[in-house]
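Student:
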């Protein structure tokens, strides 16, 4: 579940008194369509690759985050 490509943005959040991160990772170097978002533990260990779906079913989207961003994850 790791990545051999680049690392992008990272956002920290707390849930149930635990710290987690959302981490952008590029699974293959120079392959723009290989960017994924991982849920990671406080020490950076991958927990799960997230499947993000937009309202309009976009296949690709830029990840823009800022303080106060709200991300809802529906566990499956």
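Residue numbers (the numbering used here): 5 to 80.
A virtual CB, placed ideally from N, CA and C, is assigned to each residue, including glycine.
Keep in mind that this is a model prediction, so the values were computed, not measured.
1) Leaving out five residues before and five after residue 10 in sequence, what residues of the same chain have Cβ atoms less than 8 angstroms from its Cβ?
2) Give me the residue from 43, 36, 56 with the minimum Cα distance to residue 23.
3) Out of 21, 26, 16, state which residue places its alpha-carbon closest to the alpha-carbon of residue 39.
4) Quick check: the Cα distance between residue 15 and residue 55, rounded to an integer number of angstroms?
5) Whose CA, out of 12, 37, 46, lies closest to the CA of residue 19?
Tutor: Taking the definition as stated:
1) Only 29, 30, 33 meet the Cβ criterion.
2) Of the candidates 43, 36, 56, 43 places its Cα closest to the Cα of residue 23.
3) Among 21, 26, 16, the Cα nearest to that of residue 39 is on 26.
4) Approximately 16 angstroms, taken between the alpha carbons.
5) Residue 46 holds the alpha-carbon nearest to the alpha-carbon of residue 19 among 12, 37, 46.
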